[in-house]
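Written out below as C-alpha coordinates is the structure these notes cover.
In our numbering, the protein residues as written are 330 to 402.
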(Lines of atoms letter the chains of each structure in order from A; the text may use other names.)
(Lines give C-alpha, C1' and ligand atoms only; values in the text may rest on other atoms or scores of the structure.)
Protein backbone atom coordinates (compact mmCIF):
# COMPACT_ATOMS: atom_id res chain seq x y z
CA UNK A 330 0.00 0.00 0.00
CA UNK A 331 1.22 3.47 -0.87
CA UNK A 332 0.05 6.71 0.74
CA UNK A 333 -1.10 9.81 -1.16
CA UNK A 334 1.34 11.13 -3.74
CA UNK A 335 2.16 11.87 -7.37
CA UNK A 336 2.36 9.36 -10.19
CA UNK A 337 4.06 9.34 -13.58
CA UNK A 338 3.93 6.52 -16.15
CA UNK A 339 6.72 5.33 -18.45
CA UNK A 340 7.56 2.08 -20.25
CA UNK A 341 4.50 0.29 -18.88
CA UNK A 342 5.36 1.07 -15.25
CA UNK A 343 4.17 3.63 -12.70
CA UNK A 344 6.60 5.74 -10.70
CA UNK A 345 4.85 6.76 -7.48
CA UNK A 346 6.31 9.51 -5.26
CA UNK A 347 4.49 9.50 -1.93
CA UNK A 348 3.93 12.45 0.38
CA UNK A 349 5.91 10.47 2.98
CA UNK A 350 9.04 10.56 0.82
CA UNK A 351 9.10 7.14 -0.84
CA UNK A 352 9.58 6.53 -4.55
CA UNK A 353 8.05 3.25 -5.76
CA UNK A 354 8.20 1.48 -9.09
CA UNK A 355 4.86 -0.23 -9.65
CA UNK A 356 3.57 -2.70 -12.22
CA UNK A 357 -0.18 -2.15 -12.45
CA UNK A 358 -2.57 -4.51 -14.20
CA UNK A 359 -6.36 -4.75 -14.06
CA UNK A 360 -5.92 -7.63 -11.59
CA UNK A 361 -3.29 -6.27 -9.22
CA UNK A 362 -0.91 -3.52 -8.16
CA UNK A 363 2.63 -4.90 -7.57
CA UNK A 364 5.39 -2.80 -6.02
CA UNK A 365 8.53 -3.87 -7.91
CA UNK A 366 10.92 -1.70 -5.88
CA UNK A 367 10.81 1.17 -3.42
CA UNK A 368 13.34 3.57 -1.90
CA UNK A 369 13.25 6.65 0.35
CA UNK A 370 14.05 10.16 -0.87
CA UNK A 371 16.33 11.31 1.94
CA UNK A 372 17.97 14.44 0.54
CA UNK A 373 16.25 17.83 0.71
CA UNK A 374 13.83 19.49 3.11
CA UNK A 375 10.14 20.41 3.44
CA UNK A 376 7.16 18.48 2.12
CA UNK A 377 7.34 15.76 -0.54
CA UNK A 378 4.89 17.41 -2.93
CA UNK A 379 6.84 17.83 -6.17
CA UNK A 380 5.88 15.88 -9.28
CA UNK A 381 8.56 13.52 -10.61
CA UNK A 382 9.67 13.95 -14.22
CA UNK A 383 11.14 11.41 -16.64
CA UNK A 384 13.22 12.75 -19.52
CA UNK A 385 15.55 10.80 -21.82
CA UNK A 386 15.85 7.81 -19.49
CA UNK A 387 16.38 9.81 -16.30
CA UNK A 388 13.94 10.16 -13.40
CA UNK A 389 14.13 13.60 -11.75
CA UNK A 390 12.78 14.09 -8.23
CA UNK A 391 12.80 17.42 -6.38
CA UNK A 392 12.55 17.66 -2.61
CA UNK A 393 12.70 21.25 -1.38
CA UNK A 394 15.72 22.89 -3.02
CA UNK A 395 17.36 19.55 -3.87
CA UNK A 396 17.04 17.90 -7.27
CA UNK A 397 17.98 14.23 -7.63
CA UNK A 398 18.47 12.36 -10.91
CA UNK A 399 18.21 8.58 -11.29
CA UNK A 400 19.12 6.75 -14.51
CA UNK A 401 16.23 4.38 -15.27
CA UNK A 402 17.09 3.12 -18.76
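Every residue gets a Cβ at the ideal spot worked out from N, C-alpha and C, and that includes glycine.
Leaving out the 5 sequence neighbours to the left and right, which residues in its chain are closer than 8 angstroms to residue i when beta-carbon positions are compared?
| i | result |
| --- | --- |
| residue 374 | 392, 393, 394, 395 |
| residue 370 | 346, 350, 351, 352, 377, 390, 392, 397 |
| residue 338 | 344 |
Does the Cβ-Cβ distance between residue i and residue j come in under 8 angstroms?
| i | j | result |
| --- | --- | --- |
| residue 400 | residue 387 | yes |
| residue 336 | residue 354 | no |
| residue 347 | residue 377 | yes |
Going by DSSP, which residues form a beta bridge with residue i?
| i | result |
| --- | --- |
| residue 369 | 351 |
| residue 387 | 384, 400 |
| residue 334 | 347 |
If I measure Cβ to Cβ from residue i and keep anything under 7 angstroms in the same chain, skipping five residues before and after, which residues do I get?
| i | result |
| --- | --- |
| residue 362 | 355 |
For chain B, find out if any of its Cβ atoms is closer than 8 angstroms to the Cβ of residue i; answer yes or no.
| i | result |
| --- | --- |
| residue 344 | Looking for chain B here will not work: only one protein chain is present. |
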